[in-house]
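> For the sequence shown, this note's numbering gives the first residue as 46, with consecutive numbering after it.
For every residue, glycine included, the Cβ atom is placed at its ideal position computed from N, Cα and C.
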Amino acid sequence: DYLMDHKLTNVLPIFNCNGFGQTDRVSEQQSPDRIKAKLEAYGYEVRLIDGHHPNQIKAAMDEFARRSGGDGKLLAIVAKTVKGWGAPSTHGAGWHGKAATGEGLKRAMAELDEKRVELTSALVSTDQFTIQPPPEPPTRQPMNKEMPTFTQMMKKLDMESVLHTGKLATRRAYGIALRALGQSNDKVVSLDCDVSNSTFAETFRKDPELADRFFECKIAEQNMFSVAAGLSAAGKIPFCSTFAKFVNRGYDQIEMAINSGANLKIVGSHAGITLASDGPSQMSLPDVAWFRSWSTMKDHRGNPGCYILQPADAYAAYALTGVMAEYEGACYMRTLRAETEFIYSEDTVFNLGGFETLAEGRDVLLVASGYMVHEANKALDLLDRAGISPTLVDLYSIPFDTDALLDLAAKNNGYVITLEDNYGGGIGSAVADALLDSGDAFKLQQMYVKRIPKSAKTPEEMLKMCGLDAPSIVKQTMQLLQVV
46 DYLMDHKLTN VLPIFNCNGF GQTDRVSEQQ SPDRIKAKLE AYGYEVRLID
96 GHHPNQIKAA MDEFARRSGG DGKLLAIVAK TVKGWGAPST HGAGWHGKAA
146 TGEGLKRAMA ELDEKRVELT SALVSTDQFT IQPPPEPPTR QPMNKEMPTF
196 TQMMKKLDME SVLHTGKLAT RRAYGIALRA LGQSNDKVVS LDCDVSNSTF
246 AETFRKDPEL ADRFFECKIA EQNMFSVAAG LSAAGKIPFC STFAKFVNRG
296 YDQIEMAINS GANLKIVGSH AGITLASDGP SQMSLPDVAW FRSWSTMKDH
346 RGNPGCYILQ PADAYAAYAL TGVMAEYEGA CYMRTLRAET EFIYSEDTVF
396 NLGGFETLAE GRDVLLVASG YMVHEANKAL DLLDRAGISP TLVDLYSIPF
446 DTDALLDLAA KNNGYVITLE DNYGGGIGSA VADALLDSGD AFKLQQMYVK
496 RIPKSAKTPE EMLKMCGLDA PSIVKQTMQL LQVV
């Protein structure tokens, strides 16, 4: 679909049809003739070739090179091949993942030698195969200007009145930041999976000057991440947007992209349980744990495999989108559907690996991220009335400054509570690892989603259902401190 929708005549799909899978023959639906018919139904011109015949391969490739980048039909190659070709003694089923040994190896090597002689003796001087890359796109003057501030962009988009309301959803702030980035840096491109009016990547798409750098991938998240990896290899800075729940459809492609060193920026909106009314089928709950595992290893550059970012308000979301663009490596940012109150201002500086201390106390350290920062803020007043003095940290980044967080924990008598609106394995586990590695004495209570949520009318109802509302935070704090 994607190749046809975007008329990518400089991309050549090749189908290698040898008739076998790992354990058995493939379905008849995967036969060369059936695949050819399916491709033709899509509108492709198809060349059905002997995948072992050098001249047939060359002819098909040369035809593609002549047509590449043109306005005609897309071309595809369906190659009939034999599994184990070149050594007839290894043909057929039962050889997948097995190496010939002993007399079998000698026989196979002799067969391959015979095939080499057969092929090379038939070649003539004109039988030269040249790799022909697609034509270079027109060069443009590089553009990399300073990104405007959040307030400047709100004024530019005639949204200044929103600032006076004191709240804005982080997903909307992301869209505004993406547009600002696009206008400032021509390497920034945007991809989305048919939900740009929810992720607010449409804010980028609706700018006429940026429209040709927006790629609609439809409901095909795996393909979106693969396309983004390709754009990254071409020197672009791809921002992939979809619902956080749907990001998990592409975990395999994301893993391959990270292993390849792709400069991938992934933004999952409608994150966590505060989605409320849409229910658990639409909630991203294991995502933080999965991405957090990538933060525990180093990529080819010696940096964390992936940064996980969870902005609590619009200012943070806007700033962190800019920070992601400046960083060479993979990042995953969660944004929220719900409108959230402003916590920060234009003056706050956000960094990968950073956190913000929102309240300083002496009795217990509350560590929250995303929406849970707001719920923790509500708990501060309740704890204060109970005579408890908490410190509140917005841990918007994983990994984070471990030493600085350990210092705060020590100043609060070693009592730590982590708060997150997803399943375990996220910031609670990251903090637990840091505390354990320090070798010092700490007491940690992790608060996260410990049941399959149901639907609820409001985020507040959902938090209460999962034991993550402000009163529940107070209760857990008092139990940890053994305050009756």
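Can you give, in chain order, each stretch of the beta strand (DSSP E) that sits fully within the region 240–291 and has at least 3 residues?
The region 240–291 contains these whole beta strand (DSSP E) runs: 259–261 and 282–288.
> Mapping DSSP to helix, strand and coil, what is MET378?
Mapped onto the sequence shown, residue 378 falls at position 333. DSSP, read as helix, strand or coil, puts MET378 in strand.
> Which residue comes first and which comes last in the alpha helix (DSSP H) that contains ILE176?
Mapped onto the sequence shown, residue 176 falls at position 131. Counting along the chain, ILE176 falls outside any alpha helix (DSSP H), and DSSP gives it neither H nor E.
> One question on the structure: do LEU513 and MET417 come within less than 8 Å of each other, judged by their Cβ atoms?
For the purposes of this step, residue 513 is identified with residue 468 of the sequence shown, where counting begins at 1. For the purposes of this step, residue 417 is identified with residue 372 of the sequence shown, where counting begins at 1. Yes, the pair counts as a contact, with Cβ atoms nearer than the cut-off.
> To the nearest angstrom, report how far apart ALA371 and SER338 are at their CA atoms.
Residue mapping note: residue 371 aligns to position 326 of the sequence shown, counting from 1. Residue mapping note: residue 338 aligns to position 293 of the sequence shown, counting from 1. According to the sequence as given, residue 371 is Glu; it is not Ala. Cα to Cα, the separation comes out at about 23 Å.
> Going by other Cβ atoms of all chains shown within 10 Å of its Cβ, with 16 needed for buried, is PRO178 buried or exposed?
Taking the sequence shown and counting its residues from 1, one reaches residue 178 at position 133. With fewer than 16 Cβ atoms within 10 Å of its Cβ, PRO178 is classed as exposed.
> Should the region 460–469 be regarded as contacting the region 486–497, the criterion being three or more beta carbon pairs within less than 8 Å?
When Cβ pairs closer than 8 Å are counted between the two stretches, the region 460–469 is seen to touch the region 486–497, the count reaching three or more.
> Given a cut-off of 8 Å on the beta-carbon distance, is the pair ALA421 and LEU411 in contact?
To locate residue 421, count along the sequence shown from 1; it is residue 376. To locate residue 411, count along the sequence shown from 1; it is residue 366. Going by C-beta atoms, ALA421 is nearer than 8 Å to LEU411.
> Identify which residue in ALA104, LEU119, HIS97 and PHE109 has its Cα closest to the Cα of LYS128.
Along the sequence shown, one-based indexing puts residue 128 at 83. Of ALA104, LEU119, HIS97 and PHE109, the residue nearest in Cα terms is HIS97.
> Under a three-way DSSP split, which group does VAL476 fall into?
Reading the sequence shown from its first residue, position 431 is the one you call residue 476. Helix, per DSSP.
> Could you tell me the alpha carbon to alpha carbon distance between CYS399 and GLY313, rounded to whole angstroms?
To locate residue 399, count along the sequence shown from 1; it is residue 354. To locate residue 313, count along the sequence shown from 1; it is residue 268. Here residue 399 turns out to be Gly, not Cys, going by the sequence shown. So the alpha carbons of these two residues sit roughly 20 Å apart.
> Counting pairs of beta carbons, one from the region 429–445 and one from the region 297–309, are three or more of them closer than 8 Å?
no
> Could you check if PRO187 is buried or exposed, using at least 16 other CB atoms within 10 Å of its CB as the buried criterion?
Residue numbering aside, residue 187 sits at position 142 when the sequence shown is read from its first letter. It counts as exposed.
> Run the CB neighbour count on ASN457, radius 10 Å, all protein chains shown included, and call it buried at 16 or more, exposed below.
One-based indexing of the sequence shown puts residue 457 at position 412. With 16 or more Cβ atoms within 10 Å of its Cβ, ASN457 is classed as buried.
> Check this for me: beta carbons of ARG112 and THR54, under 8 Å apart or not?
The residue labelled residue 112 in the question sits at position 67 within the sequence shown. The residue labelled residue 54 in the question sits at position 9 within the sequence shown. Yes, the pair counts as a contact, with Cβ atoms nearer than the cut-off.
> To test your reading of the DSSP string, which unbroken beta strand (DSSP E) runs of 3 or more residues are found completely within the region 401–442?
401–404, 409–413 and 435–439
> In whole angstroms, give me the CA-to-CA distance for SER235 and GLY227.
Walking along the sequence shown from the start, residue 235 turns up at place 190. Walking along the sequence shown from the start, residue 227 turns up at place 182. Going from the Cα of SER235 to the Cα of GLY227 covers about 9 Å.
> Count the other C-beta atoms from every protein chain shown that fall within 10 angstroms of the C-beta of THR385, then say buried if there are 16 or more, exposed otherwise.
On the sequence shown, position 340 is the one that residue 385 refers to. Counting Cβ neighbours within 10 Å, THR385 comes out buried, since at least 16 surround it.
> I need the straight-line Cα distance from PRO331 to ALA449, nearest angstrom please.
Numbered from its first residue, the sequence shown carries residue 331 at position 286. Numbered from its first residue, the sequence shown carries residue 449 at position 404. One C-alpha to the other measures close to 27 Å.
> Taking only three categories from DSSP, how would you classify VAL494?
If you number the sequence shown from 1, residue 494 lands on position 449. Correct three-state label for VAL494: coil.
> Please classify ASP69: does DSSP put it in a helix, a strand, or coil?
Within the sequence shown, numbered from 1, the residue matching residue 69 stands at position 24. Reduced to three states, the DSSP call for ASP69 is coil.
> According to the Cβ coordinates, are TYR87 and ALA222 closer than 8 Å?
Walking along the sequence shown from the start, residue 87 turns up at place 42. Walking along the sequence shown from the start, residue 222 turns up at place 177. No, the Cβ-Cβ distance between TYR87 and ALA222 is not below 8 Å.
> Can you give me the C-alpha to C-alpha distance between ASP203 and THR196, rounded to a whole angstrom?
The sequence position of residue 203 within the sequence shown is 158, counting from 1. The sequence position of residue 196 within the sequence shown is 151, counting from 1. Cα to Cα, ASP203 sits roughly 11 Å from THR196.
> Would DSSP call GLU384 helix, strand or coil?
As a position in the sequence shown, residue 384 is number 339, starting the count at 1. Of the three classes helix, strand and coil, the one that applies to GLU384 here is strand, per DSSP.
> Would a C-beta distance cut-off of 8 Å place ALA383 and GLY471 closer than the cut-off?
The residue labelled residue 383 in the question sits at position 338 within the sequence shown. The residue labelled residue 471 in the question sits at position 426 within the sequence shown. No. Outside cutoff.
> In the region 319–398, which residue ranges form an unbroken beta strand (DSSP E) of at least 3 residues, counting only runs that do not cross its ends?
352–354, 376–379 and 384–386
> For a quick check, are the C-beta atoms of SER76 and CYS62 less than 8 Å apart?
One-based indexing of the sequence shown puts residue 76 at position 31. One-based indexing of the sequence shown puts residue 62 at position 17. Yes, these two residues count as a Cβ contact at 8 Å.
> Using the rule of at least 16 other Cβ atoms within 10 Å of the residue's Cβ for burial, across every protein chain shown, is THR210 buried or exposed?
Looking up residue 210 in the sequence shown gives position 165. Classification for THR210: exposed.
> Using a Cβ-Cβ cut-off of 7 Å (strictly less than) and excluding sequence neighbours within five positions of ASN348, which residues of its own chain qualify?
Position 303 of the sequence shown, counted from the start, is the residue given in the question as residue 348. Correct list, in chain order: GLY374.
> Under a three-way DSSP split, which group does LEU202 fall into?
As a working note, residue 202 is residue 157 in the sequence shown. In the structure shown, LEU202 falls within a coil segment according to DSSP collapsed to helix, strand and coil.
> Let me know if LYS200 comes out buried or exposed under the rule of 16 or more other beta-carbons within 10 Å of its beta-carbon.
Stepping through the sequence shown from its first residue, residue 200 is reached at position 155. Residue burial annotation: LYS200 is exposed, with fewer than 16 other C-beta atoms found within 10 angstroms of its C-beta.
> Should the region 259–266 be called in touch with the region 285–295, which here means at least 3 C-beta pairs below 8 Å?
yes
> Would you mind reading off the limits of the beta strand (DSSP E) that contains ARG92?
The count along the sequence shown starts at 1 and reaches residue 92 at position 47. It spans 90–95 - the beta strand (DSSP E) in which ARG92 sits, taken as one unbroken run.
> Compare the C-beta of SER390 with all C-beta atoms of chain B and state if any pair is closer than 8 Å.
Protein chain content of the structure displayed is limited to a single chain, and chain B is not contained in it.
> Does TYR47 come out as helix, strand or coil in the three-state DSSP assignment?
As a first step, residue 47 is located in the sequence shown; it is residue number 2 there, counting from the start. Helix, per DSSP.
> Could you give the first and the last residue of the continuous alpha helix (DSSP H) run that contains GLY220?
Taking the first residue of the sequence shown as 1, we reach residue 220 at position 175. Its alpha helix (DSSP H) spans residues 215–229.
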